[in-house]
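So the number in this note's numbering is just where the residue sits in the sequence shown, counting from 1, plus 347. The structure under discussion appears below in the form of structure tokens.
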Amino acid sequence: MTMTKNERRLRILLVITDPGQARKLGCMLAQAVDPAYEVRAAATLLQATDALSAEAFDAVLLNLSLSDSQGLGALEPIQAATRAPILVLADNRSHIYMEELVQRGIQGYLPLEALGAQTLHGAILVAVERGRAEQGLRRGHAKYHATIEELEDAYFEVDLKGIYTYVNQAATTNFMRSRHEIVGVSYKNLTTETHAQKIFKAFNEVYRTGVPGRIVDNEILLPDGSVAYTEISVALMRDDQGHPIGFRGISRDVTERKQAEHELAAAKARAEEATRAKSEFLANMSHEIRTPMNGIIGMYNLLMTTELSPEQADFVETGKRSADSLLSLINDILDFSKIEAGKLEIETIDFDLRKTVEEMVSLPALQAHLKWLEFACQLDPEVPALVRGDPGRLRQVFMNLAMNAIKFTKKGEVVFHVSLEKEDEKTAVVRFSVKDTGIGIPKAGRERLFQSFQQVDASTTRMFGGTGLGLAIAKQLTRLMDGTIGLTSKPGEGSNFWFTLRFEKQPDVPVRLFNLPETVRTKRILIVDDNKTNLTILAGYLKHWGCGCDMASSGEMALSLMHAVAKAGAPYDLVISDMLMPGMDGAELGRRIKADPELKEALLIMLTSQGLRGDAAAMGQIGFAAYLTKPVRRSQLFDCIVTVLNRMPAQQVAFKKGQLVTRYSLSEAKRRSLRILLAEDNAINQKLAMHLLARFGFIADAVTNGREAVQALSQTPYDLVLMDVQMPEMDGLAATRVIRDPDSPVLNHSVPIVAMTAHAMIGDRDKCLSAGMNDYIAKPIQPNLLLQTIERLLGVAPRPAGNSGPISNA
């Protein structure tokens, strides 16, 4: 700022007791021309305050050593009396007040001993200019506060201690208090202790980061004892030097909204209670229905293993299909009711993911093959084997997607692909996809597909049945297992349903390494299959094991390749062939290879998706060394190739006599040596279970209650116990506790015990496991599940269904 001669003079109040210094300073000021000064002198503090009260000054020059006041005692009354800038005329004692003077906003500090006219003149001009600027700011601040007063939302300012320094009119309305009841009061006095801590944390975070913050659902204590709810946005306030001096914020009253939310929550709770009651009723009814269903489906299974006329077989098959549909509906309703009631249980146990995947594809593969569809399973080598999670729920989601794909596919293939999406040291995210060549799904249908009771075609004349619950349940299960689910599809081109699950890795466990012997890796292998997907999967397995291979898409192409390499002096050592191929099937290919002198030394492995009774023997007579059912397990294929290629030349002759390598050939002796005890009081269920065990190749005894089971285990060393839960005299839970008691007379307190019960609600499984049981099977008994459970606990290889009739998945 530069003043001109036409402007008024600057009025200066000179406050100093020493007359010599007063004259000296007066002379300095009198010499100034641009601008000129009008000086009023005061020798005492009293004279100075009187002058300030009577007149307005542009600046005050103050010496702190006055006759009637010393040090800061001289400063305080001057500051109270004027808003004009104050410059301290410092003597040799004033330095002790330097820090305090700065904090109190003194505009200048001028040592008297070294003070010159030019320095004095410059200091006054700077102080006056700064003072006028601050006055402008004060006027702007007043205007700012006037604007704040017009806001509908509450505005407040607090210092760093949380004391309110300013509130607008809207804040007084929110607090239902006047300004003087709020300003000067801590925020802690106007809210609950819990919310005071919340506000403190929010203020502290804003102070630490400088970033504005938000406080949701703050409570205000009103004078009448009630509570109002607000949402607050708060920011940090700083001074001219950028130092934090407090907080300012906007507060919005949301009491009405909170009350509406409380009412909505109460209504939701009432609705959920009604839903839980309904779900409990459905679950109990499902339990009552499942018990007789066990006998119905079990008897159908037994009938199908007997000699029936074509008409009788059709009647039985029709009845069993209807019973299966009813059981599927009951299971869906039960699971849906559990989900609605919040009682669907997800467990976390150690299991072999690879083995589980290979086991669970057998049923959908059978269903696909019955429709003459190709079913393939591709399990990437990167997928970890030993993980922790819920294999039962994984199987349930997969079965739903796989059976849906088969149902909506008329021709082509269904491919199940398991891949590793990402992993770290402790967890792995695995992606499962089921891709088909079926009817596809239009975009409009996809949006409602995972909703309850929804299907793409909702008309009463739809071609495909179903309740519309399966995909909704699958979505809920994947969510509960920390996963996601979705699909891609084009009408007429098929669909690809996928889901991802996160598994914990089992720590410090050995992993089987599939390393083929060097004598095997050097062999020449040919894969023959008309399905491109199957060729890709098999070639991928062999490549991962370090083997090279060639591929042929037909029998004719295979023979041409075999003749070509034979003439080159490098014949194939092993041919892996599909059975069902157009033109020339796998059996005919095998006959031609064995009938050709140039090719007959090649070893043959048959892969078939349509395994029928007698096929294995027929393949053995042709000269096949091994016979496996698709989708072939990776570990099974590995063991088969190693066994076939490592046999001695003399042993190869046995192939021509029908002695094939199968997954069952090594386990039959062990199976016949095992003994199982069945505890079941229901005569029909006992008859069904004993018949199934006999078909599986096990020796079994039966008792009718828990007391008899304890007595039998005290006399005979059984390898496994199948225990019903509800029995007279002593139930299954009590019997299990006695068996596990080291003081009881049983011979083996660690014998595996499997619960078989019609109870299927949450908690039932936990009760069984807590009592000491090893596993749990819900009724109606599913033969495949029963067999798989026994095989897993006893460590025996799966038994071929073809040896004793088909095993239906009831």
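No residue lacks a Cβ here, since even glycine has one placed at the ideal position from N, Cα and C. It should be emphasised that the depicted structure is a prediction, and the values quoted were computed from it without experimental measurement.
| Asked | Found |
| --- | --- |
| Going along the chain, which residues of its own chain have a beta-carbon closer than 8 Å to the beta-carbon of residue 393, five neighbours each way excluded? | 415 |
| Look up residue 986 in the DSSP assignment and say whether it is helix, strand or coil. | helix |
| Going by beta carbon distance, what residues of the same chain come within less than 7 Å of residue 745, once the five residues before and after it are set aside? | 707 and 779 |
| For a quick check, are the C-beta atoms of residue 453 and residue 433 less than 8 Å apart? | yes |
| In chain order, what are the residue ranges of uninterrupted alpha helix (DSSP H) at least 4 long that sit wholly in the segment 1023-1103? | 1030-1043, 1053-1060 and 1079-1087 |
| Is residue 835 helix, strand or coil when you go by DSSP? | strand |
| How would you label residue 924, buried or exposed, when you count the other beta carbons within 10 angstroms and need 16 or more for buried? | buried |
| Find out if the Cβ-Cβ distance for the pair residue 551, residue 600 is shorter than 8 Å. | no |
| Between which two residues does the alpha helix (DSSP H) containing residue 374 stretch? | 366-377 |
| Please state the DSSP three-state secondary structure of residue 847. | strand |
| Using DSSP with H/G/I as helix, E/B as strand and the rest coil, what is residue 389? | strand |
| Where does residue 588 fall in DSSP's three states? | coil |
| Which class does residue 430 belong to by DSSP, given the choice of helix, strand or coil? | coil |
| Can you pull the DSSP bridge partners for residue 458? | 437 |
| Helix or strand or just coil, what does DSSP make of residue 662? | helix |
| With DSSP collapsed to three states, give me the class of residue 1156. | Unreliable placement is indicated for residue 1156, whose pLDDT of 29 sits below 50; the coordinate value is still reported in the next sentence. It is coil, neither helix nor strand. |
| Specify whether the segment 393-409 and the segment 496-511 touch according to this definition: at least 3 beta carbon pairs, one from each stretch, less than 8 Å apart. | no |
| Under three-state DSSP, which class holds residue 561? | strand |
| Take every Cβ of the segment 927-936, pair it with every Cβ of the segment 863-883, and state whether three or more of those distances are shorter than 8 Å. | yes |
| Can you tell me which of the three DSSP states residue 1184 falls into? | Any answer about residue 1184 is impossible in this case: the structure gives the chain only from 348 up to 1157. |
| Give the DSSP-derived three-state secondary structure of residue 453 in the structure shown. | coil |
| Assuming residue 645 contacts residue 1128 under a Cβ cut-off of 8 Å, what Cβ separation, rounded to an integer in Å, is found between them? | 7 Å |
| Throw me the rounded Cβ distance for the residue 695 and residue 720 pair, which I believe falls under 8 Å. | That pair is no contact at about 35 Å. |
| Just checking my contact of residue 362 with residue 409 at CB under 8 Å: how many whole Å lie between their CB atoms? | 5 Å |
| State the DSSP-derived secondary structure class of residue 361, mapped to helix, strand or coil. | strand |
| Return the CA-CA distance between residue 910 and residue 1034, expressed in angstroms with no decimal places. | 57 Å |
| Classify residue 667 as buried or exposed, calling it buried when 16 or more other Cβ atoms lie within 10 Å of its own Cβ. | buried |
| Would you give the residue range spanned by the beta strand (DSSP E) that residue 778 belongs to? | 774-783 |
| Is the segment 933-946 touching the segment 961-974, taking contact as three or more C-beta pairs under 8 Å? | yes |
| What do you get for residue 374, buried or exposed, if any count of 16 or more other CB atoms within 10 angstroms of its CB means buried? | exposed |
| Using C-beta distances below 7 Å, list every residue in its chain close to residue 498, excluding the 5 sequence neighbours before and after it, in chain order. | 515 and 517 |
| Would you mind stating whether residue 1087 and residue 1119 have Cβ atoms separated by less than 8 Å? | yes |
| How many angstroms separate the CA atom of residue 976 from the CA atom of residue 614? | 56 Å |
| Select from 461, 734 and 742 the residue whose C-alpha is nearest the C-alpha of residue 1132. | 742 |
| Please state if the CB of residue 704 and the CB of residue 726 are separated by a distance shorter than 8 Å. | yes |
| In whole angstroms, give me the CA-to-CA distance for residue 1061 and residue 952. | 48 Å |
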